[in-house]
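In what follows, a structure is listed as structure tokens, so that the remarks can point back to it.
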Amino acid sequence: MSDHHADGAGVVCFSGVRPSNIREAMKKKIVILAAAIALVLLMGYSKPSQTRRVIVSTPENWSAGEVRDCVLTSDDPASKLPRLDCDLPASNTRQSGRSVIEVRFTTTAERQLYVEWTCERTNNSVICEN
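Residue numbers for the sequence shown follow the working numbering, beginning at 2 and rising by one.
Quick look at the structure:
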């Protein structure tokens, strides 16, 4: 249906479109927009991680699932690998020695140079974050 104004401009009326249909379409767009914003925020919040080969000093009985405070120290002069000390002086347990393993470090860009880490022993690796 079309009407003409005195100035000659045409106005088109859609009698089949109800205001409630427009509201429903707007609600869907708002929900999609909110979901997209939430996804972007969650992606931005996730901490990047990297796996590095390091020399790890651990106590003899560090079991899977146990969390310890560790310190990432200077590189070993012979191997040039970084050292991760998870058997800090406060430990009363016997040190089992050192092993070279792949450790996953999870951190933010601002904290990646920090030396203090909280590490968890898994069945076959170590996961650290700060």
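Every residue gets a Cβ at the ideal spot worked out from N, C-alpha and C, and that includes glycine.
Would you call the CB atoms of Ile128 and Arg99 closer than 7 Å?
Here residue 128 refers to the residue found at position 127 when the sequence shown is read from its first residue. Here residue 99 refers to the residue found at position 98 when the sequence shown is read from its first residue. Going by C-beta atoms, Ile128 is not nearer than 7 Å to Arg99.
Taking Cβ to Cβ, would you say Thr123 is nearer than 7 Å to Ala65?
Sequence index remark: in the sequence shown, residue 123 carries index 122 (1-based). Sequence index remark: in the sequence shown, residue 65 carries index 64 (1-based). Taking 7 Å as the Cβ cut-off, Thr123 and Ala65 qualify as a contacting pair.
Identify which residue in Ala79, Lys48, Thr119, Asp76 has its Cα closest to the Cα of Leu89.
Residue numbering aside, residue 89 sits at position 88 when the sequence shown is read from its first letter. Looking at the Cα atoms, Thr119 is the closest of the given residues.
Would you tell me roughly how many angstroms separate the C-alpha atoms of Ile102 and Ile38, rounded to the nearest one?
Along the sequence shown, read from residue 1 onward, the residue named residue 102 stands at position 101. Along the sequence shown, read from residue 1 onward, the residue named residue 38 stands at position 37. The straight-line gap from Cα to Cα measures roughly 39 Å.
Buried or exposed: Met2, going by 16 or more other Cβ atoms within 10 Å of its Cβ?
Within the sequence shown, residue 2 is the residue found at index 1, counting from 1. Its pLDDT being 49, under 50, Met2 is placed unreliably by the model, and the measurement read from it follows with that caveat. Result: exposed.
How many Å lie between Ala26 and Leu34 at the Cα?
If you number the sequence shown from 1, residue 26 lands on position 25. If you number the sequence shown from 1, residue 34 lands on position 33. Near 12 Å, if we compare the C-alpha coordinates of Leu34 and Ala26.
In this structure, how does DSSP classify Arg24 when only helix, strand and coil are distinguished?
To locate residue 24, count along the sequence shown from 1; it is residue 23. Here Arg24 sits in helix by DSSP.
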